[in-house]
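Worksheet: the structure to be examined is printed underneath.
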Amino acid sequence: MTIVTGLLILSFLVFFHELGHFAVARLRGVEVEAFSIFMGPVLLHKKIGKTDYRLSLLPIGGYCQMKGEKDFSKAVEDGLGYIPGEKDSLYGTHPLNRALIGFAGPFFNLLFAFIACVAIAMIGYTYFTRSATIQIPQDTNVASPAREAGIKSGDTITKIAGVPISDFSDIYEQVALKGDEDLVVEVLRTKEDGSQEALAFNVHTLINKKEGNGILGVMASGDAIEKVVEPLPFFPALKKGFFDTKDILMTTFRSLKVLFKGVDITNAVSGPARISSMLGESAKEGFAEGMKTGWVVVLQFMSLISVSLFIMNLLPIPILDGGLILFALIQAVTKKQIPPRIQYKIQVAGFAIIIMLFIIGLGGDIKYFIGKAAGAK
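Residue numbers (numbering that gives the first Met the number 0): 0 to 376.
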């Protein structure tokens, strides 16, 4: 059931992406022949104007079928040097319109992340953490970059790389995506006479090759602390939502950099099955604690995935929106279409990249579920 719940949530994000293509296509005068919630065999449909609105069987996203989408493949089959199209079709409209239509889908994903962050700010939430006063592992066989740099148990971390630290969750957040990097860690140390001195240490973090997270080598101490993030009024929530979305965007870009540090890519890259499972489990656990907590957890997860979809779909890979945008912008600048056969060959290469990423994600999903099953025994 958790996978079904996660799949429905993920499908909503894909549907919202397609809604962006639909809205801008209509605004720029491109006819939308069909717009479907879900995919596969059509269960219900109703034609309004020139668009056939559908509800399909398979709960996987949806699609926006624009007039002239097949003109490209027909031009390749006929050996044409250009893609013919009527003015109200995808390839007949001005290339800048086509670029805008391509960008609209990823943009709607980013827009949803912003809406989710605003909603979270207006709902407010409670979380549990520990203080920023740390312990160093006593076992010297356990690697601890902090110990090697001179940090001691009882030190209170105040800043990491110039970012203020208020509790242990801040420490984790600042180190998680900074494995194998040099960080300046500032601490307060209590001396024997009870006074405190501020110290700064240069720490070179380790990286967990399996999971990809950075390792500072410190542990939390003290009792759990309950922290309450109070709900904000609408306009302050808009401001916080904007900056939270920006933070998620920058964090996602930094997480991509981790993939090039020798981590196990099958663990670092998740496929749709694992994402659906994690979404469903997060929703189940969140709502088990209360309706408010459940919505916050789901919206946080959805905002992260939405930003990932925004970035992924803008990659300049043919068959993704980024490829459509790139070809459209080249045509807008040069005033010439890239010949269909050349576009086709580039698309085949792009398709190969997508298949490779799918296989990596699928392999990671299989390892995840096997490990999960083994742990449940």
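For each residue, glycine too, the CB sits at the ideal point set by N, CA and C.
Close beta carbons around residue i, own chain, < 6 Å, minus the five adjacent residues each side
| i | result |
| --- | --- |
| Pro94 | Ala327, Gln330, Ala331 |
| Ala74 | Ile82, Pro339 |
| Phe252 | none |
| Glu30 | Lys49, Lys66, Asp87 |
| Thr189 | Gln195 |
CA-to-CA distance, residue j to residue i, given in whole angstroms
| i | j | result |
| --- | --- | --- |
| Gly39 | Leu56 | 6 Å |
| Ala24 | Pro58 | 24 Å |
| Ala199 | Leu109 | 38 Å |
| Thr132 | Ala160 | 17 Å |
| Gln195 | Asp154 | 10 Å |
| Pro315 | Ile324 | 8 Å |
| Gly270 | Ile304 | Low confidence applies to Gly270: its pLDDT is 49, below 50, so where it sits in the model is not reliable, and the reading given next is rough at best. Answer to the nearest angstrom: the Cα atoms are 12 Å apart. |
| Thr125 | Lys291 | 10 Å |
| Asp222 | Pro144 | 24 Å |
| Ala22 | Gly216 | 49 Å |
| Ile310 | Leu99 | 16 Å |
| Ala103 | Glu76 | 29 Å |
| Met121 | Phe107 | 21 Å |
| Phe65 | Gly321 | Going by the sequence as given, residue 65 is Met instead of Phe. Roughly 17 Å between the two C-alpha positions. |
| Phe234 | Phe127 | 27 Å |
| Asn207 | Val297 | 27 Å |
| Phe111 | Arg27 | 22 Å |
| Ala219 | Asp166 | 9 Å |
| Ser35 | Glu68 | 16 Å |
| Lys335 | Gln342 | 13 Å |
| Ala348 | Phe37 | 28 Å |
| Arg97 | Arg129 | 51 Å |
| Ile353 | Ile224 | 44 Å |
| Lys86 | Ile337 | 18 Å |
| Met355 | Ser72 | 23 Å |
| Val351 | Lys256 | A small correction: the amino acid at residue 351 is Ala; Val does not occupy that position in the sequence shown. Computed Cα separation, rounded: 22 Å. |
Residues near residue i in its chain [Cβ-Cβ closer than 7 Å; skip 5 each side]
| i | result |
| --- | --- |
| Asp70 | Ile82, Pro83, Gly84, Ser88, Tyr90 |
| Ser254 | Leu176 |
| Leu79 | Pro339 |
| His20 | Cys63, Ile100, Ala103, Gly104 |
| Leu18 | Phe107 |
| Arg146 | Ile135, Gly216 |
Member of the options whose CA lies at the smallest distance from the CA of residue i
| i | options | result |
| --- | --- | --- |
| Asp169 | Lys226, Thr292, Ala118 | Lys226 |
| Asn201 | Ser194, Gly221, Asp179 | Asp179 |
| Pro317 | Ile341, Thr292, Gln346 | Gln346 |
| Glu172 | Thr250, Val41, Ser72, Ala197 | Thr250 |
| His16 | Leu215, Asn96, Val306 | Val306 |
| Val41 | Glu229, Gly293, Gly61 | Gly61 |
| Thr244 | Phe37, Phe300, Phe127, Glu191 | Phe300 |
| Asp246 | Arg129, Gly349, Leu231, Ser302 | Ser302 |
| Val295 | Ala351, Ile119, Arg129 | Ile119 |
| Leu248 | Ile224, Ser72, Gly293, Leu308 | Leu308 |
Residues near residue i in its chain [Cβ-Cβ closer than 8 Å; skip 5 each side]
| i | result |
| --- | --- |
| Thr157 | Ala131, Pro163, Ile164, Glu185, Val186, Leu187, Ala197 |
| Asp183 | Residue identity check: residue 183 is Val in the sequence provided, not Asp. Only Lys158, Ile159, Ala160, Gly161, Ala199, Phe200, Asn201, Val202 meet the Cβ criterion. |
| Asn381 | No information on residue 381 is available, as it lies outside the stretch 0 to 376 that the chain covers here. |
| Val174 | Ile159, Leu182, Thr204, Asn212, Gly213, Ile214, Leu215 |
| Leu231 | Ala120, Met121, Gly123, Lys239 |
| Glu32 | Lys49, Thr50, Asp51, Gln64, Met65, Lys66 |
Where residue i falls, given that 16 or more other Cβ within 10 Å makes a residue buried
| i | result |
| --- | --- |
| Leu43 | exposed |
| Ile8 | buried |
| Glu229 | exposed |
| Val3 | exposed |
| Arg53 | buried |
| Gly5 | buried |
| Thr333 | exposed |
| Thr92 | buried |
| Val141 | exposed |
| Glu191 | exposed |
CB contact check: residue i to chain C, cutoff 8 Å
| i | result |
| --- | --- |
| Asp77 | Absent here is chain C; the protein component of the structure consists of one chain. |
Does the stretch 136–151 come close enough to the stretch 114–123 that 3 or more CB-CB pairs lie under 8 Å? no
Determine contact between the stretch 7–17 and the stretch 39–54, defined as no fewer than three beta-carbon pairs at a distance below 8 Å. no
How about the stretch 239–249 and the stretch 137–148: do they share at least three Cβ pairs that are nearer than 8 Å? no
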